[in-house]
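Only one structure is covered here, and it is reproduced in the block below.
Protein chains: 2
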Amino acid sequence: MDRRQRKSRQAIFRAFTELLQEESYARITVQQIIDLADVGRTTFYTHFETKDALLKSFCAEIFEHVFSADLNKEKTHDFSGEHDTKARVTHILYHLEEHMACLPGILSGDGDSVFMGYFKARLGEMFSESVRESGKAPYDFVLNHRVNAFAEAVRWWGRHPDYTPEEISGFFFETVPGVR
Amino acid sequence: MDRRQRKSRQAIFRAFTELLQEESYARITVQQIIDLADVGRTTFYTHFETKDALLKSFCAEIFEHVFSADLNKEKTHDFSGEHDTKARVTHILYHLEEHMACLPGILSGDGDSVFMGYFKARLGEMFSESVRESGKAPYDFVLNHRVNAFAEAVRWWGRHPDYTPEEISGFFFETVPGVR
DNA sequence: CCGTTACCGAACATCATGTTCGTGACCATG
DNA sequence: CATGGTCACGAACATGATGTTCGGTAACGG
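Chains as they are written, first to last, in this note's numbering: chain X, 24 to 203; chain A, 24 to 203.
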């Protein structure tokens, strides 16, 4: 890829992350992004079709990072049973922590659905095998509950950033029993 | 209040609910509302400062209805302990069911935060006494989890409308143990 | 060195929100 | 019924954001 392309793309992402730490996604304008990134308006739109497309790429990149790192670890260790899931969850939290500063900006208002959409899809895969059909509640309901419980735990974390990943993980497993 | 005022206000609400059943809040324009309500643009803005203000009024009205009816019932019966909360929850679900058709429109994308903001605030009050400090997880975390679990149960219900309020209530208490 | 490709920036089109204003209809009083 | 005050009307306007077009310029890579 052309060096100029990389530079522009990088500058846009950089500016975007910076803005997200001070303002909610909905209130960030393309103008602010291109001013801070110091690229032309046209350049922005050749890289990203819309503002939403930027957010999507951004989220996709975060989660690829967060979850692929997790998969590597999984290959290396290959635990089984309860311990494995706990380790994975904690590990995910560690990787999410790196992007913590952006979370409030993304999660407030409009960007929420994009971010959570990606996140919950990934979590759904991860928890899908952990649900046992036991009571009357449909599989779907229970899976949905666990996915949301974890997503909300992360959101809660964003408002109480002083806790460690291990603590958050602990709170989650304590509050949502039955996860293996 | 002037009859003309009531008529306009009612017409706007009516049009809004109707539109919400077919389109997400974010995609509904003021133009659509005033066309369907058959009122002037000026009229709309004398009744509601902004489009968001309309949504807020709308949500406020729904929840006043849903929760105040619940409080009446509470006064009449005044159960205590587990049974009471279950009855209240089921009752809330019954009242929410009346507005079910609007939910997908409100919950997708932008309106979500307004609706959920109101909803969770109310639920927070309701569940606040039900949380016992037992494990390591902070009170705040546990309360947040229960509130969200219920809110998400309602959202799930919106995607699976064939279940009854009792069933949803049952799923909720089965999935989230420890609620009194 | 040269063709290709990306960037620039200013202007433009479009669309939705919210405002202004003069006019006319309605309503609650005397 | 009369009359003053309130509300509704609609067209035009201001604003602000998104996304597009285009001719010119500079950097890249072979």
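A virtual CB, placed ideally from N, CA and C, is assigned to each residue, including glycine.
(message) Rounded to whole angstroms, what is the Cα-Cα separation between S153 of chain X and V199 of chain X?
(response) Whole-angstrom Cα-Cα distance: 12 Å.
(message) For F90 of chain A and R145 of chain A, I'd like the C-alpha separation in whole angstroms.
(response) Here the C-alpha atom of F90 of chain A lies approximately 8 Å from the C-alpha atom of R145 of chain A.
(request) Would you mind stating whether I56 of chain X and L78 of chain X have Cβ atoms separated by less than 9 Å? (result) Contact flag unset, no.
(message) Tell me which residues share the same chain as G104 of chain X and place their Cβ nearer than 7 Å to its Cβ, disregarding the 5 neighbours each side in the sequence.
(response) In this prediction, G104 of chain X has a pLDDT of 49, which is less than 50 and means its spatial position is unreliable; nothing more can be read from the coordinates.
(request) Confirm, please, whether the CB-CB distance from E197 of chain A to A76 of chain X is below 9 Å. (result) No; because the gap between Cβ atoms is not below 9 Å, this pair is not in contact.
(request) For S207 of chain A, return the contacting residues in chain X, with the cut-off set at a CB-CB distance below 9 Å. (result) Chain A is shown from 24 up to 203; residue 207 of chain A falls before or after that span and cannot be answered.
(request) Within its chain, find whatever has a CB closer than 7 Å to the CB of F194 of chain A; leave out the 5 residues flanking it on each side and keep chain order. (result) Cβ within range, chain order: A176.
(request) Starting from K159 of chain A, find everything on chain X with Cβ-Cβ shorter than 9 Å and list it in chain order. (result) What K159 of chain A touches in chain X: E190, G193, F194, E197.
(request) For the alpha helix (DSSP H) containing Q44 of chain X, list its first residue and its last residue. (result) Taken as a continuous stretch (DSSP letters only), Q44 of chain X belongs to no alpha helix (DSSP H), as it is neither H nor E.
(message) Quick check: the stretch 44-52 of chain X against the stretch 118-129 of chain X, are at least 3 beta-carbon pairs closer than 8 Å?
(response) Contact holds: three or more Cβ-Cβ distances are below 8 Å.
(request) List the residues of chain A whose Cβ lies closer than 8 Å to the Cβ of P200 of chain X, in chain order. (result) What P200 of chain X touches in chain A: P200.
(request) Could you tell me which chain X residues have their CB closer than 7 Å to the CB of S90 of chain A, listed as they occur along the chain? (result) For the sequence presented, residue 90 of chain A should be read as Phe rather than Ser. Per Cβ cutoff of 7 Å: no residues; F90 of chain A is ~22 Å from chain X at best.
(request) Could you tell me if A12 of chain X is buried or exposed, where buried requires 16 or more neighbouring beta carbons within 10 angstroms of its beta carbon? (result) With chain X covering 24 to 203 only, the question about residue 12 of chain X has no answer from this structure.
(request) Output, in chain order, the set of chain X residues within a Cβ distance shorter than 9 Å of E152 of chain A. (result) Against E152 of chain A, chain X offers no close residue; the least beta-carbon distance is about 18 Å (beta-carbon pairs closer than 9 Å).
(message) Below 7 Å on C-beta distance, what does V165 of chain A contact in chain X?
(response) The answer, in chain order, is T198.
(request) Return the CA-CA distance between G181 of chain A and E189 of chain A, expressed in angstroms with no decimal places. (result) Their Cα atoms are separated by approximately 15 Å.
(request) State buried or exposed for D101 of chain A, treating a residue as buried only when at least 16 other CB atoms are found within 10 Å of its CB. (result) Unreliable positioning characterises D101 of chain A in this predicted model, as indicated by a pLDDT of 48, which lies under 50. The coordinate reading is nonetheless provided below. So D101 of chain A ends up on the exposed side.
(message) Looking at the secondary structure, which residues open and close the alpha helix (DSSP H) in which H122 of chain X lies?
(response) It is not in any alpha helix (DSSP H) - H122 of chain X carries neither H nor E in the DSSP assignment.
(request) Run the CB neighbour count on S151 of chain A, radius 10 Å, all protein chains shown included, and call it buried at 16 or more, exposed below. (result) Answer is exposed; the Cβ neighbour count stays below 16.
(request) Quick one: list the residues of chain X neighbouring H168 of chain A, beta-carbon separation under 7 Å, in chain order. (result) Ordered by position in chain X, the residues that pass the 7 Å Cβ test against H168 of chain A are A172, E175, T198.
(message) I want to see whether chain X comes within less than 9 Å of H183 of chain A, judged by CB atoms only; does it?
(response) With 9 Å as the cut-off, H183 of chain A counts as an interface residue toward chain X.
(request) My understanding is that A34 of chain X touches D61 of chain X, with C-beta atoms under 8 Å, so please give their C-beta distance in whole angstroms. (result) With 8 Å as the limit, A34 of chain X and D61 of chain X qualify as a contact, their Cβ atoms being about 7 Å apart.
(message) Only counting the same chain, and skipping five residues up and downstream in sequence, which positions put a Cβ closer than 6 Å to that of A49 of chain X?
(response) Around A49 of chain X: G132, D133.
(request) Would you tell me roughly how many angstroms separate the C-alpha atoms of K109 of chain A and R29 of chain X, rounded to the nearest one? (result) For K109 of chain A and R29 of chain X, the distance between alpha carbons rounds to 57 Å.
(request) Between the Cα of P184 of chain A and those of A:F39, A:T69, A:L116, spot the shortest distance and give me the residue it belongs to. (result) Nearest C-alpha to P184 of chain A: A:L116.
(request) Would you kindly work out how many angstroms separate the C-alpha atoms of T52 of chain X and M123 of chain X, rounded to a whole number? (result) Rounded to the nearest angstrom, the two C-alpha atoms are 21 Å apart.
(request) In angstroms with no decimal places, state the Cα-to-Cα distance between S136 of chain X and V165 of chain X. (result) Take the alpha-carbon of S136 of chain X and the one of V165 of chain X: they are about 20 Å apart.
(request) Spell out whether any CB of chain A is found under 9 Å from the CB atom of A76 of chain X. (result) With 9 Å as the cut-off, A76 of chain X does not count as an interface residue toward chain A.
(request) Would you kindly report the start and end of the unbroken alpha helix (DSSP H) that includes V170 of chain X? (result) Taken as a continuous stretch (DSSP letters only), the alpha helix (DSSP H) holding V170 of chain X covers 162-182.
(message) Please state the DSSP three-state secondary structure of F71 of chain X.
(response) Looking at F71 of chain X - three-state DSSP - the assignment turns out to be coil, as it is neither helix nor strand.
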